[in-house]
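Under the working numbering, the first residue of the sequence shown carries the number 18, and numbering increases by one thereafter.
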Amino acid sequence: MFNGSNGTTIQGGAHNTVGGDQNIYTYGYEVHGNVTNVYNGGISQDLLDDPKATLQLLARKAAPNACYDSEQRFPPPNCHPGTRKRILEDLGKWIEDDSKVTKAFWLYGSAGVGKSAIAQNLAEKYIRKRVAAGFFFSRNDSTRDGLEPFVASIAYQFCKPGSPLRPVLGPLIVQVIRSDPNLFHASCEIQFEKLIIEPCSKIEAAEWENLPNTIIIDGLDECVHIPSQERLLTIIQKLAIAHRTLEIPVPWTFLVCSRPEPQIRDAFDNFRMVLRRLDVNSSDDAFRDIKKYFVDQFAVLRAKHHRALPRGGSPWPRGDAIDQLAERAQGQFIFAATVIKFIDTRDEPPQDRLDAVLRIYIERGSDSPYSDLDLLYHQILSTCQMWEKVQLVLRLLVTSHFELGDGVIHLKEAGWRSVMIIEGLLNLKQGKLTPLLSRLHSVLHIPGDDMSNITVAHASFTEFLCDVNRSMNYHAPRMSQSEYCECVTLLLLRSLSTLALHYPPHNSLDVFTTTFSSWKRMLAKYQVNLMSYSCRYWHNYCTKVRSPGTDLLVALRSFDPYCALAASLSYNYWPRVDRWAEVLEWAKRTNLRGDVIEKWKPLSSGFRIGFPPTIPRGKALWCTFEIERCFCDREFNVQFQRALLQEVYSVRARKYGHLGNDRVIMILPADEGGPMRLPENWIVAHLTQANAEVFERISVALRHDFDGQRLLLDDVRDDTWGSVSHNLVDKDDLVALKLHLKKRWMQFFLKDLGWPSNSLSSPSYGGVKTAASKFVFSSFADNRDNLLPAHEQPHPAVLKYPLHRRLKRYIVRIYRRKRGDVEEK
18 MFNGSNGTTI QGGAHNTVGG DQNIYTYGYE VHGNVTNVYN GGISQDLLDD
68 PKATLQLLAR KAAPNACYDS EQRFPPPNCH PGTRKRILED LGKWIEDDSK
118 VTKAFWLYGS AGVGKSAIAQ NLAEKYIRKR VAAGFFFSRN DSTRDGLEPF
168 VASIAYQFCK PGSPLRPVLG PLIVQVIRSD PNLFHASCEI QFEKLIIEPC
218 SKIEAAEWEN LPNTIIIDGL DECVHIPSQE RLLTIIQKLA IAHRTLEIPV
268 PWTFLVCSRP EPQIRDAFDN FRMVLRRLDV NSSDDAFRDI KKYFVDQFAV
318 LRAKHHRALP RGGSPWPRGD AIDQLAERAQ GQFIFAATVI KFIDTRDEPP
368 QDRLDAVLRI YIERGSDSPY SDLDLLYHQI LSTCQMWEKV QLVLRLLVTS
418 HFELGDGVIH LKEAGWRSVM IIEGLLNLKQ GKLTPLLSRL HSVLHIPGDD
468 MSNITVAHAS FTEFLCDVNR SMNYHAPRMS QSEYCECVTL LLLRSLSTLA
518 LHYPPHNSLD VFTTTFSSWK RMLAKYQVNL MSYSCRYWHN YCTKVRSPGT
568 DLLVALRSFD PYCALAASLS YNYWPRVDRW AEVLEWAKRT NLRGDVIEKW
618 KPLSSGFRIG FPPTIPRGKA LWCTFEIERC FCDREFNVQF QRALLQEVYS
668 VRARKYGHLG NDRVIMILPA DEGGPMRLPE NWIVAHLTQA NAEVFERISV
718 ALRHDFDGQR LLLDDVRDDT WGSVSHNLVD KDDLVALKLH LKKRWMQFFL
768 KDLGWPSNSL SSPSYGGVKT AASKFVFSSF ADNRDNLLPA HEQPHPAVLK
818 YPLHRRLKRY IVRIYRRKRG DVEEK
């Protein structure tokens with residue numbers, strides 16, 4: 018684009034895959050941080066040369082929480098020592114048998130019987146020996162409740178440090194990703210073919226004898242999209258049958274653990290001879306194993322709570338109590354584990370809690386298949402104080418987070434279900450949540466810090482809370498998207514309000530220096546993902562709220578959009594003002610108060626931007642155009658505008674393409690008569706939607722016409738009208754573009770000269786001054802970081818350049834005025 022311009026021509030499309038911290042302001046210009054650029058269906062040289070970059074891309078597509086050793090699952094479920102011996106022995110023999118005909122093993126059973134504990138036990142025992150990878154689904158974790166990250170997660174575990182498969186499969190998988198970086202947008206079936214089957218097919222059969230070849234899949238029924246469950250089983254079935262018939266020499270075996278849901282049972286019926294199955298519920302050892310668990314755990318409780326137990330009395334618990342509890346568990350280890358956790362508390366004597374559990378009576382023949390477990394959950398919830406607040410917390414915990422961002426940033430310092438974030442979502446005072454949940458440690462995993470996620474201990478408790486027929490008065494259903502988005506919007510607006518209180522333009526000019534320093538410190542202090550996330554995505558969540566409540570209306574009335582935009586820029590995020598049209602439409606649709614709409618409406622037309630005197634003027638000038646483009650941001654407009662500005666102003670985009678460390682700038686309303694003001698030594702420019710639309714209309718007209726682009730450039734440089742006479746652009750748009758470019762340049766460098774506003778259109782006078790201005794600007798090509806400061810000496814070329822005498826005198830006068838030279842007179 019624009020022949021002869023430097024570093025701006027892009028042929029074909031461009032795609033950015035982003036990870037880690039980054040500063041990205043264009044397609045094909047300057048990029049900082051961990052970024053993979055893909056051009057014309059190929060891939061950037063960085064990715065081609067660096068296998069680490071490829072593995073980082075693979076890791077970003079994987080679900081780390083789905084691994085057997087993930088922090089999010091800690092402490093993972095596991096078999097109590099001395100229990101499940103027969104099942105573990107049978108499964109262990111199957112895993113170790115290299116000559117087995119069955120390539121898939123289905124371990125199934127009802128909720129809470131210990132399937133995940135068995136899967137975890139086997140994963141820990143055989144990892145890197147016989148087990149190559151694992152994927153643990155969970156409906157309570159949105160990062161592992163679907164099929165999308167499955168293949169990438171398995172492939173990444175093959176390539177992890179310490180995996181025996183890394184030396185043999187790692188280079189092959191890396192090569193596949195390099196050849197097609199868009200592979201992760203393909204179907205799961207294609208990903209499995211390309212990342213698993215094809216690389217593995219290149220390994221010699223003899224080499225597989227010393228490599229792990231079992232993949233463990235737990236909780237398949239917790240993959241929330243039922244057709245995805247069937248798709249995954251179809252992939253496994255085809256691979257197992259193909260290996261048995263020697264069509265594919267890949268010796269993979271799969272251990273799948275799930276509930277016996279109809280669609281899963283039907284899918285496994287198609288496996289026929291390549292499948293082995295085992296019903297955990299049918300095990301004769303279940304009663305004995307659960308009784309052993311109770312005996313061992315009550316021994317621990319007696320030692321732990323010996324001061325609370327009566328001395329010299331009969332043994333605790335009495336002999337038949339353990340048998341009664343083991344019988345009522347009906348093979349569900351989750352019942353036994355929950356009972357022990359419920360009794361293990363210092364709030365009440367343990368014998369009182371045990372008696373409360375034993376008093377629960379259930380009539381046989383109840384409609385619920387979890388009747389005893391349901392009564393236990395009722396008993397646990399009945400001990401909670403302030404149920405209304407507890408209910409809100411539980412509703413949050415059973416609701417998956419709706420990610421409405423673009424995936425560039427996520428909350429890293431704190432999880433969406435951490436103590437810190439939940440207190441923010443529900444507007445609880447700091448420190449109030451933990452006491453509120455103190456009676457629920459038997460059904461929730463509550464970490465010891467405020468940043469890690471609180472999780473539901475077992476899926477059966479989630480199902481109980483969401484089913485009104487089972488939970489009755491303790492019903493805690495999932496939040497609707499609108500309800501949840503309102504909570505998130507309030508959290509994000511409250512985060513931004515902490516900044517608005519200290520926004521310098523809200524204070525008097527007498528204390529501006531102090532407040533500006535304080536503002537910069539606050540931005541550095543809040544350089545965390547929550548504040549950055551708030552700047553970027555508050556409007557995404559806000560516009561999903563169907564009927565805003567009182568709290569949200571109050572927050573919106575006090576919201577300062579100009580402060581939010583300034584904070585966005587400080588966090589390296591170019592705002593999209595065109596999104597305000599969506600917010601305004603939402604406000605009208607939800608009958609938001611007129612004063613709120615009137616306060617927001619001017620922002621969509623324009624605003625002022627202020628740069629501190631410490632920012633080089635060349636950089637500030639360039640950034641005004643970059644930010645102004647946020648009114649109507651299109652990829653082709655980015656390329657067009659930058660190429661034109663580089664030619665007109667002789668400025669390199671690579672040099673000024675980002676603010677770097679100079680990101681603390683102010684955003685103010687367009688109305689100069691308002692209360693928000695800046696010191697006189699700040700540079701203030703007006704950014705308008707009208708100017709952005711001129712660039713957009715011209716770029717639309719000329720984006721495929723390179724001759725027309727050159728003609729436009731000549732029109733701007735030489736004050737001609739060729740692009741208009743050839744009917745390429747509208748005359749009014751060309752006039753507006755010329756005046757806009759000159760006015761913006763004068764505003765930053767020559768505004769004290771008092772040039773007439775029509776100088777660009779005056780062939781007799783403006784042409785000379787335009788040429789002079791271009792020469793002045795370009796003469797500083799080697800020193801643009803401090804373009805035309807007051808103390809700058811004239812460039813030597815000014816006095817040597819062979820110009821027309823009148824033009825030469827005019828240029829010298831420009832320099833002397835900038836210096837305040839007394840000899841000018």
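Built from N, CA and C at the ideal position, the CB exists for glycine as well.
Residue i classed as buried or exposed, judged by whether at least 16 other C-beta atoms fall within 10 angstroms
i	result
residue 222	exposed
residue 723	exposed
residue 363	exposed
residue 708	buried
residue 157	buried
residue 730	buried
residue 531	exposed
residue 91	exposed
residue 230	buried
residue 337	exposed
residue 804	Unreliable placement is indicated for residue 804, whose pLDDT of 37 sits below 50; the coordinate value is still reported in the next sentence. When all chains shown are included, residue 804 counts as buried.
residue 320	exposed
residue 631	exposed
Residues that residue i bridges to, as DSSP identifies them
i	result
residue 901	Outside the shown range of the chain, which is 18 to 842, sits residue 901, and nothing can be said about it.
residue 473	461
residue 627	683, 701
residue 274	124, 235
residue 148	144, 231
Rounded C-alpha distance that separates residue i from residue j
i	j	result
residue 620	residue 200	41 Å
residue 568	residue 546	24 Å
residue 433	residue 420	10 Å
residue 195	residue 71	7 Å
residue 442	residue 507	7 Å
residue 575	residue 612	11 Å
residue 474	residue 693	52 Å
residue 758	residue 74	41 Å
residue 636	residue 556	29 Å
residue 113	residue 126	23 Å
residue 577	residue 663	35 Å
residue 322	residue 365	11 Å
residue 536	residue 591	19 Å
residue 525	residue 698	15 Å
residue 789	residue 766	Legend: pLDDT at residue 789 = 41, less than 50; position of this residue unreliable, value from coordinates given subsequently. Going from the Cα of residue 789 to the Cα of residue 766 covers about 13 Å.
residue 198	residue 160	21 Å
residue 247	residue 105	27 Å
residue 372	residue 396	11 Å
residue 585	residue 289	58 Å
residue 335	residue 439	42 Å
residue 179	residue 353	37 Å
Nearest to residue i (by Cα), restricted to the options the options
i	options	result
residue 683	701, 613, 666, 689	701
residue 220	267, 243, 371, 87	267
residue 763	523, 287, 638	638
residue 476	84, 391, 527	391
residue 340	322, 492, 311, 327	311
residue 131	527, 304, 634	304
residue 296	255, 348, 269	348
residue 283	254, 272, 597	254
residue 2	245, 244, 217, 277	No answer is possible for residue 2: the residues shown for the chain start at 18 and end at 842.
Residue j beta carbon less than 8 Å from that of residue i
i	j	result
residue 275	residue 249	no
residue 720	residue 657	yes
residue 377	residue 393	yes
residue 360	residue 370	yes
residue 734	residue 665	yes
residue 153	residue 235	yes
residue 471	residue 482	no
residue 581	residue 552	yes
residue 732	residue 751	yes
The ligand ZN heavy atom lying under 7 Å from the CB of residue i
i	result
residue 93	Among the components of this structure there are no ligands whatsoever, and the ligand ZN is therefore not found.
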